[in-house]
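Below is one structure; the comments refer to it alone.
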């Protein structure tokens, strides 16, 4: 008995046909519409990069100007973005606002995308919480100092939520795994490798 | 000095460190969804407080182990642990279903061992030559080399759409410009922020792109449960390797050469060696390909393991990582103030010999541990990906923080993870971006230095006085030509 996932399937097909998919592939994930949208965002990004580079001070000659290479990079990136857009148009891509709205609705209707969005929000909250509510509690036992920081606390909380959401075990099981893992990690890094943990000040 | 370094690499403590690294690497690589690059990226933080040689030994052990590890799940549960194990999965799993899983894995172990040897021997043979050539490089050549590295990485990563690879690289260049410029100290893209004046370290970018992005990509997917196939006795059959020796040597050469090309890693190596192997196979052997061919396993496994040695060649001699995993080694070396590149032999005498021995030791340990770890790994497959992947999130946070002990790096890591996720969804490869963030400052500084030198000279001296540079210009132009007019069509 076996199972296959989608990315591997596309790689297997490419391999059977002898098509070069590159180190990371990616063709199967893009559509002409997504390429066109990406080209517009990239063109704006490139124009901004050029605009900021043009405004940079140039203390010496133009050849050593700090903005020289950023301008060259921005201009070539703009050309590439235009190339990507033109290619997408050749393949029949058209940007229509109504369609884009429908695309957004379709995107959010996909369960995998929704799960991805929720995961991003949990991780964002975790990263912010460790920083904003930073603390480092220490208790001297004589032979060793017990430490507990915001990294351990919020790792436990975030892991419990993520595990409950994706692993779907009971809250107790998820919490137990999260506490054990956070404490184990903190001990290995702090005691084994003498690495300061985030939130420890 | 050389003997000292060799003896150091063979000391019991170093062997122990290497054994831990190889063991972790095999187990990590065997877990579906956990890639070699992810392991290497997360290890940078861990290596921050390690002693220089310990860190190198540990990372090379993990690197060697994890490249092989992918074969275990590929053969037994039909899911490649690492992407480069897809060809092994295509040939190994049908064999496992026939009850030859042990023999298929044994073949993979023997082929990996041989592949590593080919990579290491070619590395030892070519390092002196490349170093000699690299000493002739001036600012102009270094700039062109850096740009070629980013361009070829874009081409090799994106397959049929090299334009997307280049765009990813160019975004990386713009990220690399953030901070004070190295010649005049003028702030670039800092928007008045003092924090941004320090620039953006590539370590959190690496962890974000290859750690967090992977989690965001894999975790929301519906869990594909695989039931491990009965493995049987794992026997590395050397006689089978002798039977396929021509394919093995050819695949080893392919793997090493591909490894030396920036951006082309174990995936390209194993795919290419597998494809060429299939075309060159005898008609009766070719009939078995896709249904369970030992020759197919040999081709793929020799190539992806030879890639390890190959990737170290440009990393050590030119400071240009051969692939994303080698970029992590480069980052770890830089943390230890080891500046790799043409002057490595002068500034760090003996270090290269230590790396040779570390790779050889890791290869022997990989051979032994692979046989010992196959059955425990089968037990690991019972753990669902939805349990394992979340556990990496706190590792990403501490890994990004540990290097500079600065929480801003955690924000950079998170931002890089998000950007990587979006780029991945739109079909852009990520390795060129990492390479560009690493090579951007080198390219920028050397371009401006070179232009300053050329300022008082006639423009054609750029070509007449710099033969290596002229060759590099042709190579860069050909890379773009090949991408635009041949593959990009």
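Residue numbers (our numbering), protein chains in the order written: chain C, 1 to 201; chain R, 202 to 690.
In this text, a Cβ means the ideal position worked out from N, Cα and C, and glycines have one as well.
If the cut is a Cβ gap below 7 Å, which residues of chain R does residue i touch?
i, result
"residue 52 of chain C", "390"
"residue 115 of chain C", "421"
"residue 155 of chain C", "595"
"residue 80 of chain C", "364, 367, 368 and 371"
Look at the Cβ atom of residue i, then the Cβ atom of residue j, and state whether they are nearer than 8 Å.
i, j, result
"residue 473 of chain R", "residue 455 of chain R", "yes"
"residue 309 of chain R", "residue 498 of chain R", "yes"
"residue 385 of chain R", "residue 66 of chain C", "yes"
"residue 256 of chain R", "residue 248 of chain R", "yes"
"residue 167 of chain R", "residue 237 of chain R", "Nothing about residue 167 of chain R can be reported from this structure: the residues present for chain R run from 202 to 690 only."
"residue 416 of chain R", "residue 594 of chain R", "yes"
"residue 340 of chain R", "residue 654 of chain R", "yes"
"residue 601 of chain R", "residue 443 of chain R", "no"
"residue 277 of chain R", "residue 493 of chain R", "no"
"residue 646 of chain R", "residue 383 of chain R", "yes"
"residue 522 of chain R", "residue 631 of chain R", "no"
"residue 438 of chain R", "residue 304 of chain R", "yes"
"residue 77 of chain C", "residue 371 of chain R", "yes"
"residue 571 of chain R", "residue 508 of chain R", "no"
"residue 387 of chain R", "residue 400 of chain R", "no"
"residue 381 of chain R", "residue 63 of chain C", "no"
"residue 40 of chain C", "residue 85 of chain C", "yes"
"residue 633 of chain R", "residue 351 of chain R", "yes"
"residue 460 of chain R", "residue 511 of chain R", "yes"
Just to make sure I have the definition right: I need the residues of chain C whose C-beta is within less than 9 Å of the C-beta of residue i. Which are they?
i, result
"residue 649 of chain R", "63, 64, 65, 66, 68 and 69"
"residue 540 of chain R", "Residues of chain C passing the Cβ test: none, with the nearest at roughly 22 Å."
"residue 668 of chain R", "Those within 9 Å of residue 668 of chain R in chain C number zero; the least Cβ separation is about 22 Å."
"residue 635 of chain R", "Here the premise fails: no neighbours, minimum Cβ distance about 11 Å."
Run the CB neighbour count on residue i, radius 10 Å, all protein chains shown included, and call it buried at 16 or more, exposed below.
i, result
"residue 202 of chain R", "exposed"
"residue 260 of chain R", "buried"
"residue 591 of chain R", "buried"
"residue 1 of chain C", "Low confidence applies here, because residue 1 of chain C scores a pLDDT of 32, under 50, leaving its location unreliable and the question unanswered by this model."
"residue 627 of chain R", "buried"
"residue 441 of chain R", "buried"
"residue 190 of chain C", "buried"
"residue 684 of chain R", "buried"
"residue 445 of chain R", "buried"
"residue 356 of chain R", "buried"
"residue 51 of chain C", "exposed"
"residue 365 of chain R", "buried"
"residue 538 of chain R", "exposed"
"residue 584 of chain R", "exposed"
"residue 363 of chain R", "buried"
"residue 343 of chain R", "buried"
"residue 201 of chain C", "Low local confidence applies: a pLDDT of 49 at residue 201 of chain C is under 50, so the model's placement there is unreliable, with the coordinate-based value given in what follows. Answer is exposed; the Cβ neighbour count stays below 16."
"residue 35 of chain C", "buried"
"residue 5 of chain C", "Unreliable positioning characterises residue 5 of chain C in this predicted model, as indicated by a pLDDT of 40, which lies under 50. A coordinate reading is not provided."
"residue 110 of chain C", "exposed"
"residue 662 of chain R", "exposed"
"residue 483 of chain R", "exposed"
"residue 670 of chain R", "buried"
"residue 274 of chain R", "buried"
What in chain C is Cβ-close to residue i, meaning under 7 Å?
i, result
"residue 587 of chain R", "166 and 167"
"residue 602 of chain R", "198"
"residue 645 of chain R", "69"
"residue 378 of chain R", "70"
"residue 273 of chain R", "By Cβ distance, chain C contributes nothing, its closest Cβ being about 14 Å from residue 273 of chain R, past 7 Å."
Please compile the residues from chain R whose C-beta is within a distance smaller than 8 Å of the C-beta of residue i.
i, result
"residue 112 of chain C", "421, 422 and 423"
"residue 57 of chain C", "385 and 387"
Which chain R residues are close to residue i, counting only those with a beta carbon under 9 Å from its beta carbon?
i, result
"residue 195 of chain C", "246, 247, 249, 250, 599, 602, 603 and 606"
"residue 191 of chain C", "The premise fails here: residue 191 of chain C is roughly 12 Å from chain R at the closest Cβ pair, so nothing lies under 9 Å."
Give the interface partners of residue i over in chain C, defined as CB-CB distance under 8 Å, in chain order.
i, result
"residue 341 of chain R", "Near residue 341 of chain R there are no residues of chain C at all, since even the closest Cβ is about 12 Å away, more than 8 Å."
"residue 705 of chain R", "Here chain R covers residues 202 to 690 and nothing more, so residue 705 of chain R does not appear."
"residue 656 of chain R", "61 and 63"
"residue 334 of chain R", "The premise fails here: residue 334 of chain R is roughly 25 Å from chain C at the closest Cβ pair, so nothing lies under 8 Å."
"residue 638 of chain R", "Under the 8 Å cutoff, chain C gives no residues; its nearest Cβ is about 13 Å from residue 638 of chain R."
Quick check for students: name the residue ranges of the alpha helix (DSSP H) that lie wholly in the region 437 to 514 of chain R, counting only runs of 4 or more. With a minimum length of 4 residues, the continuous alpha helix (DSSP H) runs that stay inside the region 437 to 514 of chain R are 439 to 444, 446 to 461, 467 to 481 and 484 to 487.
Meets three-Cβ-pair contact criterion under 8 Å: the region 615 to 630 of chain R and the region 319 to 326 of chain R: The region 615 to 630 of chain R makes no contact with the region 319 to 326 of chain R: fewer than 3 CB pairs, one atom from each, lie closer than 8 Å.
Enumerate, from N- to C-terminal direction, the unbroken beta strand (DSSP E) stretches of 3 or more residues contained entirely within the region 624 to 684 of chain R. Within the region 624 to 684 of chain R, not a single complete beta strand (DSSP E) segment reaches 3 residues in length.
Contact between the region 141 to 153 of chain C and the region 178 to 193 of chain C: three or more CB pairs below 8 Å? These segments touch.
So, do the region 637 to 644 of chain R and the region 371 to 381 of chain R have three or more beta carbon pairs nearer to each other than 8 Å? The answer is yes - the region 371 to 381 of chain R touches the region 637 to 644 of chain R, with three or more Cβ pairs under 8 Å.
At least 3 beta-carbon pairs within less than 8 Å: the region 602 to 621 of chain R vs the region 302 to 317 of chain R: They do not touch, by the three-pair rule.
Between the region 223 to 235 of chain R and the region 563 to 579 of chain R, can you find at least three pairs of beta-carbon atoms closer than 8 Å? Output reads yes: the region 223 to 235 of chain R touches the region 563 to 579 of chain R.
Taking contact to mean at least 3 C-beta pairs separated by less than 8 Å, is the region 78 to 92 of chain C in contact with the region 112 to 126 of chain C? Segments in contact, no.
Please go through the region 364 to 423 of chain R and give each complete alpha helix (DSSP H) segment of 4 or more residues, from N-terminal end onward. Runs found: 395 to 398, 403 to 408 and 414 to 419.
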